[in-house]
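Since the structure comes first, as structure tokens, the remarks are kept for the end.
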Amino acid sequence: MTAIAPPALENTIIRASAGSGKTTELTQRYLRLLASGVHCQSILASTFTRKAAGEILDRVITSLASVALGSPDARQIVERLQLDELDDRKAQSMLRHVLTNMHRLQIGTLDSFFAKLARSFCLEMGLPPDWDIAESRETNQLMQSAVGAVLSRDDSIQLLHLMAKGQSFRGANKLMLDTVDDLYQIFLDSTDAAWFQLQQQSILSPERWLAALDALSAVAIDGGRMATARNDDVRRAGAEDWEEFIGTGLVAKILEGTNAYYKVPIPDALQAAYRPLIEHVRGTVINELRESTEATHGLLARFHEFFDVAKAEAGSLDFDDVTRRLVELLDGNGGEFATAMTHRLDWNLDHLLLDEFQDTSPAQWHVIEPFARRVMEPGTPGSFFCVGDMKQAIYGWRGGVAEVFDVVEQQFPDLRDRELTCSHRSSQIIIDALNRVFENTDRYQSNNDQTNEVVRRWRQRFTTHTTDRDSLPGYAVLEKVAAGEETLVVAVGRVKEIYQNAPGRSIAVLTRENTEVAELIFALQAAGVPASEEGGNPLTDSVSVLLILSLMRLSDHPQDSLAWFHVANSPLAEAFGLPPCPGKRAQTLEAVGRVHASAAEIRRALSERGYGFTIARCAKILAPQCTLRELRRLQKLIELADEYDAQATLRSSDFVEYVRTTKVEDRTASPVRVMTIHKAKGLEFDVVVLPCVSKTFNARTRDVLIYRNSPTERISLVVRHAGAAKRRLLPEQWAQAHQQQIDRTLSESICVLYVAMTRAKHALHIILDSKAGDHHQSMAGILLATLPDDGQRTGTLYERGDLAWATRAHANESIQPPTKQTAQGASYRGRNAAPLVLAPPDQNWTRNLPTISPSEIASSTESTIGSALSQATNRLAKERGTMLHACLAEVDWLDEASWQGQLLNRLRRQFPRERNLEAIVADFSKMVQQPRLAALLHRASYLSHMAKKAIPNQLVFDAITASVERERSFAVRIDESIVRGSIDRLILIHEGESLIAAEVIEFKTDQWAGLNVEQSDARIGAYQPQIAAYRRAVARMTGLPPDRVFARLVLVGIDREFEVR
Amino acid sequence: MVEKQYMKHVRYWLDWNKPALPGAVDWLVERYRKVRNWDLSRVIIVTPGARSRGRLLELMVERSEIERMNFSPPDFTPLGQLPERLYPAQHEFAGDIAQLIAWSRALQSIDGEQLRILVKNVPSADQLANWLPLARLLKSLHIDLSSEGLAFGDVARAANIMYVARRERDRWELLEQIQRVYYDQLKAVGLWDLQAARITAVRKRECHSAKDIVLMGMADMSQIFRQMLEQIGERVSALVFASDSVREGFDELGCLRSEFWSDYPVAVRDEHLCIVDRPADQASAVIDAIERLGGQLPASQIAIGVPDRSVVSHVRRTLELAGLTSRDAAGKLLDQTLPIRLVTAVADYLRHQRFAPYCRLIRHPDLFDLVSSRIGHHDWLEDVDAYQNEFIPGEFLLRAGFHLAQEPKLTHVHRIVQELLEPLSGHTRPMGEWVEAWMGLLLQVYGQREIGSIEANREILASCQALQAALRPLVDLPAEWSFDGSAVEALETILHHVGHESVAEPPTADAIELLGWLDLPLDDAAATIVTGMNDGVVPSTESGHLFLPNTLREKLEIQDNARRYARDAYALSLLAHSPRRLVLISGRHGIDGDPLLPSRLLFAVDDGRMARRANDFFRHAGDVYPRIWLASALDVPAAQQFSIPEPRTEGLKLSSLGVTNFKQYLQCPYRFYLGRVLKLEEFSDDLAELPAFAFGHLLHRVVEAFGKDPLKDSTDAEAIRQFFRRQLEREMVRHGDHPSPAVRIQHQQIRLRLDRLADLQARRRSEGWEIVEAELEDCAATLVVDGEPFMIHGRIDRVDRHVDTGKIAVFDYKTFEPASSPEKTHRVRGAWVDLQLPLYRHLIRTRPYSTDEPIELGYILLPGDLKKTAFVTAEWTEEDLRSADEAAFKVIRAVRGNRFWPPTDPPPVYSQTWSAICQDAVFERWSVGEAVR
Ligand code: SF4
């Protein structure tokens, strides 16, 4: 490939606003690199989701394909790329380059790159070679057993108790799990020292405490109000009700520094009497928090010890573990490992392209950094490019830290900085509303200075947006519901209107909390608006699925009468032999027994035939009563079950859990989708409806306060959370940590608002609670402060554009053709629509016949698994048998060749590692002297014997010859099988040239001594079918009529023979 | 047709425009037939897989019978076993296990510090079992390399020449050293490494064959095989399926030259291709393709290729739902068979002897049946569940079993399990000694089954035999190498080798076969439908490797991505050229919705077509097949048909009610019916600690004892506290010697609450309140409603009387959070939602100490926040209480009238318990309204 165009390799950092084409920028960069002759293997492009990664590749390839094919949009693509030299030929060769190197492409998520690294470095990272990303069930199990391990340590109770600040909790297990849930991430992200930042405080001894209380009571006060207040305080202090003691009354005033109570100054003497008490309380509270914090750390450290080792041993990690272990590995010798990594991964990493950079966590950056450093090193051919939007940094809770942007700029000052603010998505109306909100945030005045400050700071980050889709019709409205009205109900009504008035348009209802999603979906459903959740719901939204799950539960717990009742009232009951469920009082032993029997049967079916099979069976029973949607859900359940089979356990309740927790999309999903704002990131919709934005910003308080010295550093201070009142007693650090925490949640919340508003293409409906006020510390507060036109307080507060925009949309802007994926209009075809018919099996020669050996025919009737297994154990006998057979195979006729001389050598060649061959040969020599065997193996005696039974009288004896084939292999078709085997000794009898008879001789070397008559008869009987098969085979091979093929079974050990007819 | 190359062996070109195997049969007939005899007994035939061997034999038999030949079949030898037919083996070969141990011992002998270049966590030197995972890794690396004739040292030298990181080179030097020790280890016990033996045989030029060797379509063989075959010379014939134009693409043994194929245009036509979305759509596309065959072919003439195993279950299920039979040629993995699941479940339990794996184990169908048949009934599982719920055992020792089991049934159950498992428990022993114990278990469970009658038993036998064969080598280990371990470790050592083997499904003529990718090219089905034509699958690629990344492989000239590509490009060409109907299905997304890439091979066409295909694939989401297989789409009901079962009230006449049940009725009459009338109960056995109600019960039992003890009149807080503690200890005994830690801690939490209660109780007594009754079971009273009596009943936690005033106070202990006052829990916005305390009044009236004075009603709150521990009484007026009675009467009337319908909607409090029956969270909910009408 020849390079064209000067490479656009400037190291660049792009701050791109929503809809301004981040992905396009990245794709174009990618294409320019390719055009300049860079090998695709040396470009790493990463983004946040696998879906997005797929889209980048789709765009790279379809762009090239368009140009290569000279499609109508080719010109435009080339222009956007500013690569005039890119013609169809060049595009073809670039395309071929990408396609033939598809396996070398490095376009994916950071997580997947890290996983690849970790796969190639598992040994160095202390992971087993077959480690994998864990299923959540596995993680939960490991977590539970680590919690169990923590609890079983004797001193853990002490720590738990301290952590609970002296309260009695109900469940230790639950407490520990909750703690892990809430704080384990913080534990991992903090230094150990961070948890030990509080000093032990001295407090009053009990006696002195009482003395101090007495002293306070004794202070003489005039003025009833203050005296009452003092007396209250004394009572509260006595009850050790600290929160009340410090939060109210005189103490609050003293702590605030007001030193006046209802405008009356608090006398110095009184203040002085309070001081020791306040100090005591301060000490007590701090000590309590300190102990609780340290105990929390202790428990988490223990948990970590067990959990981390268990995960590594089981080889099941999550992506965060992978990142953390990579950071550990790279720590200190990043450069060296980066080189080794490129070797083991066959990377020739020269160019980094990072999307959604604001969501990168500090840990992730630590892993990328050595690579970034390499590609930016002067004199190397590499380049660095990252793009993101700090305004959309809403993944802080997942570790994403938008400030990584700033850090990168500091670390690499030569980066070129660019900003994109022109939307390619939203109509002018939407952009106007957006600008109006974020340009006017200084109008917002909450009663909290800190909040105001953060909001104002956010303003500085905001550059006025523009759009190039100004021809799009649009509509934006802010309304506040009237008092007494439910926001949710109003929102549902709005969605219904939009759904009816703008048919076919994509409508998203965005919420802040996950819990609201389900609520809204059900409300919409009830209102007749088919709504679905982005990413799908668990299948438990289907009645028939629930029935099957009840059956599964019943099979695991046959006494679960609830499940019994549920299933018994369904068509499944009959199929699985379940009696009606009369309730506990009326149930009979017999009925219960039947339930148990059915349950056992189902368990067996599940482990023998699998979940897929069993669930499909249930589904078929339920299907006739199912609606179309139910059928789709059932079909999905079968799919899920089939996938589950590979990981199936012996417990059907595990499957129930799996179904409950797996979200499954219904791909005929309606145009109305409900999701959290977080999930909406990266998506766009014709209409966005945004209800319930009045939740206060800092509604989510954590159990601990944390502090970082800088956003990308590890947490340097952790303390258990204290109520507002107590916080006043605490050292300065607390205030800072608290401040920082509020800052972060606050600015993230504003990001959330920004993301929500920018999802809309045409229309945006924001619906506020009746209680929302413009000073509220909430999204609603900001919106109320910035959007409304005048002083109106309820109803429509802001409205722009045309409510009937949908009818005005140009043809080319209108509804996208339903993509194949949504399959909206696609009709579901039923099985019976076109019955599947195949031709009947070919009568003569069909393919895929089973191949069996004659001995398989023999053993198939009689023996048990036990006898088959113990036969194998008897290896000595078996080996001896093999060798005796080998000896027999060396004998043509005893009276002819000098076989004896050769035998030992031949055996040696066959069994080079066998030591006892001489003994075997000696045994064999003795064996063939037994009269019957000898007669059989001498030509003369054999022929005379055969003459009697096989040769018609009229023949001349002298014309008869016999030839021997030893270990003659054969393969013939018998009925519906190919029978393949080998015959110990096949004797063909000719008269002159023509074959007139044949005999099969089968030697048995197994032990017969000690068997009684019946037993040996039985055994001989068992061999019959085998010999019969031989005879048929010989008849087929030789063309002899069946009655001319004879057969004999020879028991060499006891020198007996049996004619088999 | 014959072309003699410069080497001694001969290539024969067979036209790839004809079916491959039938062509090969022609060749064999022509070459080996003598009049009526077609004797191939002195011919070794090597084909790429078992599948083509089977099919070839089938074709041969067919041919011999049609032409009435006396046919002796050839010696089919898998490539992997061919070498040992070609040179004399002097010593015994080390089996899998022996090799593993030799590697482990080699690793053990290396200095730990040195090993740290290789692994972060160096296992402790003494336990051999700890080294096995690493040994396994080196073993496979060793096989990889030495099958190409390379030693670790060769790689070390290559790495040295290449510019690679220092640490990579160090690693290889260390590996070289380990490999040397490995060989020494084997030598010391007189064993041979198979790979080394082959290399030696080649080096000593010892290879020869008395039989002809026919290589059939063996396009990809590693070095060592090639070198051996080269020594054999002209007895080797290579049958190559190709056309004249691609002869350049093969070397003298008929193997592919990667360079030739890297840009060879693969003759796949556009109409062969089918792009769909998800695995389920691939399955539907298969059916579609079969449909398009128009019923002209029988099942046996249709082959479905499944290079990507993740679509197999979908394809098979869809075929089944469409009424077609299928057979997976790969068979069923042994680790899915019951015997292996049994031994794994046993090992899981024995590893830590905890209750959860025990519960899994006893649900193994075969073990369950065994136990049931020995104890004579099969409804014992519920006792096990009940045991779990009551005692929440964590640890569960085989020796100890169920403690305090009131049910002799359980003791009986466990004795049987114990007898089965006893031989496998206990401490470490030489590994070989466990073999018999494991086989003993299998014999006990499966020994009596007859092989012949049932298909399933054949599978079980195969599985048992595989286990037996895998365990065997542990017995045969050289004495010097014997090492100790537990039964579980013994099993773990071998399970790796067994689980991934498979047992074949029996072929049937009416089944459509599912074949692996490698089986496809030589197969002669009339229609071939290949799924999973995605990159990474076809061709497979190695991206990133612990030891041998692709660049290093290239350098060493061993199996690399280019060779994999060549192999698959050739395979696909073969498929496309031979006469057949061909469909290639490529998915856009995988099971979890991850994007998939199309196979690179599909773009090995001219520029124009390449661009068009790329456009097609990457622009479209892939076809979705919205097909329903479960029912005919024509008569699907429009509305939901599964009803919420209506109450059956015939013959039902409730004449009494517990005082706590009024609350349930008020919440929802229907759920009340399910829970209180039918007494339906949910069950699980996954409690990790005492649930709320059990926590409460436990506490109740302690205070109950107190209320009945003379000490109840004490005002000595300390004495009371001691009493509580003793009593609690006594309760704890029920949980046995090894209570779960969580439960132990819960007990301590209860103690904290009781400690606090002791203070309050002492104070209350000193205030004059004495306990007159405690834990009054089944206290009943009759209310006359509408002239008819109705009984209410309940259990009263505690009744106090004031010694001076004679005032009566009734209390209920509450451990639930939040600790709310009775007023709050009983009434919401003025309406009664609970009637428990007001109804207590009526119960008390029946007691001898009852007076006409108003009764105090209240809670003794024992919440987590110990400061909130308190006696609280409700301040209801007489009028309030009368209205409560009214509310109760209403309930009584309704209950008498059997009014349990319809369910309250929306549900009062969302409860998972009833949601399935009541369809709370169902999309297309059954409309109760209609039913009521
Ligand atoms: S803000 Fe709401 S939606 Fe976002 S993560 Fe938190 S709970 Fe979920």
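In order, the protein sequences belong to chains A and B.
Note that the working numbering gives residue 829 to position 829 of the first sequence, counting from 1, and the numbers run on in steps of one.
Note that the working numbering gives residue 1098 to position 37 of the second sequence, counting from 1, and the numbers run on in steps of one.
Note that beta-carbon positions come from the ideal geometry of N, C-alpha and C, so glycine has one too.
A quick note: this is a predicted structure, and the numbers were derived from the prediction, not measured.
**OP:** Taking only beta carbons into account, state which residues of the stretch 1140–1165 of chain B come closer than 8 Å to chain A, listed in chain order.
**Re:** Listed by position, the residues of the stretch 1140–1165 of chain B near chain A (Cβ gap below 8 Å) are P1149, A1150, Q1151, H1152 and E1153.
**OP:** Count the other CB atoms, across all protein chains shown, that sit within 10 Å of the CB of N537/A; report buried if there are 16 or more and exposed otherwise.
**Re:** Looking at its Cβ environment, which holds 16 or more other Cβ atoms inside 10 Å, N537/A is buried.
Subject >> Whole-angstrom distance between I621/A and A575/A, CA atom to CA atom >> reply: Looking at the two C-alpha atoms, the distance is approximately 8 Å.
Original post:
S168/A touches chain B at which residues, Cβ-Cβ below 7 Å?
Top reply: Simply Q1810, L1813, R1814, G1925 and L1927.
Original post:
According to DSSP, is F1058/A helix, strand or coil?
Top reply: In the three-state scheme derived from DSSP, where H, G and I count as helix and E and B as strand, F1058/A is classed as strand.
**OP:** Using a Cβ-Cβ cut-off of less than 8 Å, give me the residues of the stretch 1488–1509 of chain B that come near chain A, in sequence order.
**Re:** When CB distances to chain A are screened at a threshold of 8 Å, the residues of the stretch 1488–1509 of chain B falling below it are M1500, L1503, L1504, Y1507, G1508 and Q1509, in chain order.
Subject >> Cβ distance (whole Å) where R1661/B is taken to contact D1596/B below 8 Å >> reply: Rounded, the Cβ-Cβ distance is 5 Å, consistent with contact.
Subject >> P1909/B, enclosing alpha helix (DSSP H) - first and last residue >> reply: In the DSSP assignment, P1909/B falls outside any alpha helix (DSSP H), carrying neither H nor E.
**OP:** For the beta strand (DSSP E) holding V509/A, just list the boundary residues, first then last.
**Re:** Bounds of the beta strand (DSSP E) holding V509/A are I507 to T511.
Original post:
With burial defined as no fewer than 16 other Cβ atoms inside 10 Å of the residue's Cβ, what is the status of E1014/A: buried or exposed?
Top reply: Label assigned to E1014/A: exposed.
**OP:** Return the chain-ordered list of same chain residues with a C-beta closer than 7 Å to the C-beta of R1114/B, the five sequence neighbours on each side being excluded.
**Re:** Spatial neighbours of R1114/B in its own chain (CB-CB distance under 7 Å, excluding positions within 5 residues in sequence) are listed in chain order as T1108 and F1137.
Subject >> L1922/B versus A1842/B - alpha carbon distance >> reply: Rounded to the nearest whole angstrom, the CA to CA distance from L1922/B to A1842/B is 26 Å.
Original post:
Cβ of F1733/B less than 8 Å from any chain A Cβ?
Top reply: Not an interface residue.
Original post:
Got a sec? Which residues, its chain only, sit under 6 Å from W1164/B by beta carbon, not counting five neighbours each side?
Top reply: Counting only Cβ-Cβ distances below 6 Å, and skipping sequence neighbours, we find A1196, L1199, K1200 and Y1243.
**OP:** Could you tell me the distance, in whole angstroms, from the CA atom of R1048/A to the CA atom of I1001/A?
**Re:** If I take the Cα positions, the gap works out to 5 Å.
Original post:
Using 8 Å as the limit for Cβ to Cβ distance, is A1406/B near chain A?
Top reply: With 8 Å as the cut-off, A1406/B counts as an interface residue toward chain A.
**OP:** Taking the CB atoms as reference points, tell me whether A1346/B and D1254/B lie closer together than 8 Å.
**Re:** No, the Cβ-Cβ distance between A1346/B and D1254/B is not below 8 Å.
**OP:** Using a Cβ cut-off of 7 Å, pull out every chain A residue sitting near M1671/B, in sequence order please.
**Re:** Taking a Cβ-Cβ threshold of 7 Å, the residues of chain A close to M1671/B are L95, R96 and L99, in chain order.
Original post:
Who are the near neighbours of F319/A in its chain, counting only those whose CB is closer than 8 Å to its CB and skipping five residues on each side?
Top reply: Correct list, in chain order: D111, F114, A115 and I133.
**OP:** Could you list which residues in chain A have their beta carbon closer than 7 Å to that of C1525/B, in chain order?
**Re:** Chain-ordered, the chain A residues with CB closer than 7 Å to the CB of C1525/B read I865 and L869.
Original post:
Does the stretch 1907–1921 of chain B come within contact of the stretch 1861–1875 of chain B, defined as at least 3 CB pairs closer than 8 Å?
Top reply: Enough Cβ pairs lie closer than 8 Å, so yes.
**OP:** Check the C-beta distance from V455/A over to T467/A and give it rounded, since I have them as a contact under 8 Å.
**Re:** A Cβ-Cβ distance of about 24 Å is found for the pair V455/A and T467/A, leaving them out of contact under the 8 Å criterion.
Original post:
Thinking just about the alpha-carbon of each residue, which of V264/A, V492/A, G21/A and A118/A is nearest to the one in R469/A?
Top reply: Selected option, being the one with the closest Cα: G21/A.
Subject >> Opening and closing residue of the alpha helix (DSSP H) in which C1525/B lies >> reply: Run containing C1525/B: E1516 to V1536, per the alpha helix (DSSP H) assignment.
Original post:
If you run the structure through DSSP and keep just helix, strand and coil, what is F1950/B?
Top reply: Looking at F1950/B - three-state DSSP - the assignment turns out to be helix.
Subject >> Residues that DSSP places opposite G1546/B in a beta bridge >> reply: Paired residues: R1490/B.
**OP:** Compare the C-alpha of T1938/B against each of P1899/B, W1975/B and V1952/B and name the closest.
**Re:** The candidate whose alpha carbon is nearest that of T1938/B is P1899/B.
**OP:** Could you tell me if A16/A is buried or exposed, where buried requires 16 or more neighbouring beta carbons within 10 angstroms of its beta carbon?
**Re:** Answer is buried; the Cβ neighbour count reaches 16.
**OP:** Taking C-beta pairs closer than 8 Å, name the residues in chain A that V1122/B reaches, listed in chain order.
**Re:** Within chain A, the residues near V1122/B are A971, V972, R973 and I978.
Original post:
Can you list the alpha helix (DSSP H) stretches of 4 or more residues lying completely in the stretch 1768–1825 of chain B, in chain order?
Top reply: As far as the stretch 1768–1825 of chain B is concerned, its whole alpha helix (DSSP H) runs of at least 4 residues are 1778–1794.
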